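Single-structure report; data block below.
Number of protein chains: 6
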Amino acid sequence: MIYVSRQEHFNAAHKLYNPAWSKEKNVEVFGPCANENWHGHNFDLIITVKGNPDPETGFVIDLKKLSKLIRAEVIEALDHKNLNLDVPFMKGKMASTEIVAQEIWKILEPRILSISKFGELHSVKLYETPRNYVEYFGE
Amino acid sequence: MIYVSRQEHFNAAHKLYNPAWSKEKNVEVFGPCANENWHGHNFDLIITVKGNPDPETGFVIDLKKLSKLIRAEVIEALDHKNLNLDVPFMKGKMASTEIVAQEIWKILEPRILSISKFGELHSVKLYETPRNYVEYFGE
Amino acid sequence: MIYVSRQEHFNAAHKLYNPAWSKEKNVEVFGPCANENWHGHNFDLIITVKGNPDPETGFVIDLKKLSKLIRAEVIEALDHKNLNLDVPFMKGKMASTEIVAQEIWKILEPRILSISKFGELHSVKLYETPRNYVEYFGE
Amino acid sequence: MIYVSRQEHFNAAHKLYNPAWSKEKNVEVFGPCANENWHGHNFDLIITVKGNPDPETGFVIDLKKLSKLIRAEVIEALDHKNLNLDVPFMKGKMASTEIVAQEIWKILEPRILSISKFGELHSVKLYETPRNYVEYFGE
Amino acid sequence: MIYVSRQEHFNAAHKLYNPAWSKEKNVEVFGPCANENWHGHNFDLIITVKGNPDPETGFVIDLKKLSKLIRAEVIEALDHKNLNLDVPFMKGKMASTEIVAQEIWKILEPRILSISKFGELHSVKLYETPRNYVEYFGE
Amino acid sequence: MIYVSRQEHFNAAHKLYNPAWSKEKNVEVFGPCANENWHGHNFDLIITVKGNPDPETGFVIDLKKLSKLIRAEVIEALDHKNLNLDVPFMKGKMASTEIVAQEIWKILEPRILSISKFGELHSVKLYETPRNYVEYFGE
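Spelled out as structure tokens, the structure:
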């Protein structure tokens, strides 16, 4: 079994804000991340697929196809967008990096099976900044 | 003469939008950067000071003092903010990286003279993404 | 379960030297790392916490609190210090990156439980240089 | 148990080309990677060894020895070479990053046991570009 | 005047080989870079344009247009290619990074004037590896 | 004229300490950098040479020769050393990054002329940390 990874990126605005709380509590818990006029990041996204290489190609998955899939299904929805306002799959959810990573898993897991006979999704790694990042393995 | 540099960073939201134009023209010119709900970046800021080293310290400028100055006068105003809405020195200006860099020059140039007898501001370099950046030398 | 990481850094001096051995044997085994007048590094430290996100915040752990904890309990003790001479928790131990990572685990593991109901320490990753690093998972 | 890693690098040419297929099918499957006149990369290779630290040195493995081993047994054979034409252990195999990583495992696994009583090979991570990489754990 | 930069990349094979010399002299001068079966690199290319910002857009040059121009005129000709064999503008020239950078200047300088009223080409910076790079300012 | 650069690195210990001052004044001016037991860094050194390419090789300077020169004349003296105690050319000088860069200039400038007919030293850039660096152009 080999683990194959592809990195993509997107730029987005967000704020951390729980609508069930008062503005004061949001500022107390989230600090500057709750700024009502938003802030933003250059997000780096690393998708890892695991499997055995296809003996005819030497590939677990064609990284050009994986890149195309991630761009069509994930980056298109997130790049130059507001994670709280513009993204259908984030509606009603906290716009934290943790939750974004879990939603990306739900989108990509079935679709990767449709472009590769040999690989399956292993992990979603999402950098909010070079110093803050999360990783999700599907459970 | 030695050139001494200090890198700081901030996260902010912005959009590229000329209020004298229609929404259609803004989208035509700025593309996804005109998204009305904003997008954002992790900005990296590099301030370079030039001068001869103080023979007593070996320093052109104390980088701890320079870092403190940049944080107090620039980062505090920009980090976790909206460049179009929240930043006094950007009011009425296009929120492009070029203009932000020029405004940072105006703020820091006189203040650097007040913390160093040996150095003067040489350049402001501002990365909007790892692939897009600007540099300004004051004229 | 999500894995959340925070990167911090410190600069320190050290040497690799086993006091039970002769100077000759130390030089033979450790080479230039045994230089009696020390050498040093910019260390990068990545702390990973695992858990389920708190439904109210979307966080496994508040990364601002995690950063503050790491700085107070670990960086404060190591930054601009000599790992062999100045650091209480390294007294009597080899100042190798492996041992420093294990000691950082011992310090942070209980304290992370005290700042997060949802997360527990997963790993300590310590870069001595961009090309040499270690990772410890607590056992 | 501690995981200790060392990064090395090499520059090489290759193409993705299955000799059992027509030129047309190769271009269809591999796209520009099948360019008959080759293309190339700066590869980064990270070797991770796991084990308990030797109490006398604080080392799982001496990273100077590990670096020397990787250079002698792997980098020497790959650096400034053509992966399809010049490398004995790649003869008759697809020159994909996946296959190169598996072959590196086969070379290093027994030899690491010969330079360390405390460590064994844990993984081979190979970056073809900063955005495309694979990792192999030996099974 | 502001300096605005855009980074692009390409992967290519090449060798350093002067056809006026014997094979022995090529190996003596260029060492492993003269390997007759080629080697290759991930090249990073940074194009810097200088000028005053357009008051209507805040831009010296639209970086989306600059990126599109670099990709169409330069990357398309170099990516996944052999610099000695496949690239029309390198025919009959030494495939050194220095010469590639000078040829890129010749291609881009007039074309940048055609996409920007405010900017002109300032420099071409080309990384062959993260440790080896060249910069050309047009004269 | 082309500018050609080569990056090398070294790890060293140092402290900032003016022996003409009291310990108290050193701590007041240099803060934790004055720690009497030293601290250290992974230094990155970039040497830039300028000139016209040799028409026979396409090189301003052979980067393998430049690398060998930097290692023999500079890195050998600094790597795994104490900048205040172990380095002959730093004796009696403040061990600040500014001064180290100026001393490296003095060593390399004449020697580069001896290995290249086409190039001369343009600048010495020295990173003390990824966020703090200096550059010196010889005057």
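Protein chains in written order, with the numbering used here: chain W, 147 to 285; chain A, 147 to 285; chain B, 147 to 285; chain S, 147 to 285; chain V, 147 to 285; chain Y, 147 to 285. Cβ coordinates follow ideal geometry from the N, Cα and C atoms, glycine included. Bear in mind the structure is a predicted one, so any value in this text is a computation, not a measurement.
Item to check | Closest by C-alpha distance to A/L254, when choosing among A/F235, A/H187 and A/S242 | outcome: A/F235
Item to check | Inter-residue Cα distance where the pair is W/N183 and W/V280 | outcome: Cα to Cα, the separation comes out at about 25 Å.
Checklist entry - Does Y/Y149 come within less than 8 Å of chain V when only Cβ atoms are used? => result yes
Item to check | Any chain Y beta carbon closer than 8 Å to V/G177 | outcome: yes
Checklist entry - Cα separation between Y/H185 and V/P201? => result Roughly 49 Å between the two C-alpha positions.
Next on the checklist: Check whether chain Y comes within 8 Å of V/E174, counting only Cβ atoms and requiring the distance to be less than that.
Outcome noted: no
Item to check | Straight-line gap, S/K210 to S/E222 (C-alpha atoms, nearest Å) | outcome: 16 Å
Next on the checklist: With three or more C-beta pairs closer than 8 Å as the rule, is the region 265-277 of chain A touching the region 190-201 of chain B?
Outcome noted: With a cut-off of 8 Å, the region 265-277 of chain A and the region 190-201 of chain B do not count as touching, because too few Cβ pairs lie within range.
Checklist entry - Which residues in the same chain as Y/A241 place their Cβ atom closer than 6 Å to its Cβ, once the five residues preceding and following it in sequence are excluded? => result H160, L229 and N230
Next on the checklist: Quick check on the DSSP output: what are the complete alpha helix (DSSP H) runs of length 4 or more inside the region 167-234 of chain A, in order along the chain?
Outcome noted: Entirely contained in the region 167-234 of chain A, the alpha helix (DSSP H) runs reaching 4 residues are, in chain order, 169-176 and 209-216.
Item to check | Residue interval of the beta strand (DSSP E) (run including S/A247) | outcome: Looking at the DSSP string, S/A247 is not in any beta strand (DSSP E); the run it does join, the alpha helix (DSSP H), is T243 to I261.
Checklist entry - Taking Cβ-Cβ distances shorter than 7 Å, what residues in chain B pair up with W/R277? => result R152 and Q153
Item to check | C-alpha distance - A/G197 paired with Y/E285, whole-angstrom precision | outcome: It is roughly 11 Å from the alpha-carbon of A/G197 to the alpha-carbon of Y/E285.
Checklist entry - Would the beta-carbon of A/H187 fall within 8 Å of that of W/H155? => result no
Checklist entry - Closer than 8 Å, CB to CB, is W/N157 near chain A or not? => result yes
Item to check | One or two residues paired with B/K271 in a DSSP bridge | outcome: B/I192 and B/E281
Checklist entry - What are the start and end residues of the beta strand (DSSP E) that includes S/N157? => result I148 to H160
Next on the checklist: Please report the straight-line C-alpha distance between A/I250 and Y/I207, rounded to a whole angstrom.
Outcome noted: 38 Å
Item to check | Inter-residue spacing [alpha-carbon to alpha-carbon] between S/A158 and Y/A247 | outcome: 34 Å
Checklist entry - Among the residues of its own chain, which have a CB less than 6 Å from the CB of V/F176, if the five just before and after it don't count? => result L162
Next on the checklist: Let me see if you follow: with CB-CB separation under 8 Å, is W/V270 close to chain S or not?
Outcome noted: no
Next on the checklist: Quick check on V/E244: buried or exposed, where buried means 16 or more other Cβ atoms within 10 Å of its Cβ?
Outcome noted: buried
Checklist entry - With a CB to CB cut of under 8 Å and the five nearest residues on each side skipped, what residues in its chain are close to S/I261? => result I207, D208, K211, L212 and L215
Checklist entry - Between W/K252 and W/I258, what straight-line distance do the alpha-carbon atoms span, to the nearest angstrom? => result 11 Å
Item to check | Contacting residues, own chain, Cβ-Cβ under 7 Å from W/E266 (five flanking each side not counted) | outcome: V195, K196, G197, I258 and L259
Checklist entry - In whole angstroms, what is the alpha-carbon distance linking A/Y149 and Y/I192? => result 14 Å
Checklist entry - How long is the line joining the alpha carbons of W/K288 and V/H226, rounded to whole angstroms? => result Because chain W is modelled from 147 through 285, residue 288 of chain W falls outside the range shown and cannot be assessed.
Checklist entry - Given that Y/I245 touches chain A, what residues does it touch there, using C-beta distances under 7 Å? => result P199 and G204
Checklist entry - Under the DSSP definition of a beta bridge, which residues are partnered with Y/G265? => result Y/G197
Checklist entry - What is the DSSP secondary structure of V/M240, reduced to helix, strand or coil? => result coil
Checklist entry - Would you say W/E281 faces chain B, with C-beta separation under 8 Å as the test? => result yes
Checklist entry - Which residues, in chain order, does the region 208-241 of chain A contribute to contact with chain W at a C-beta distance below 8 Å? => result Under the 8 Å Cβ criterion, the region 208-241 of chain A contributes D225, H226, K227, N228, L231 and D232.
Next on the checklist: Suppose you measure from the CA of Y/R217 to the CA of A/M147; what does that come to, to the nearest Å?
Outcome noted: 25 Å
Next on the checklist: Between Y/W353 and chain B, is the shortest Cβ-Cβ distance under 8 Å, so that the two count as touching?
Outcome noted: Since the first residue of chain Y shown is 147 and the last is 285, residue 353 of chain Y is not available in this structure.
Next on the checklist: Please tell me whether, using a cut-off of 7 Å, the distance from the CB of S/S151 to the nearest non-hydrogen atom of the ligand FAD is below it.
Outcome noted: Absence of the ligand FAD from the depicted structure is noted, as is the absence of any ligand whatsoever, leaving it without description.
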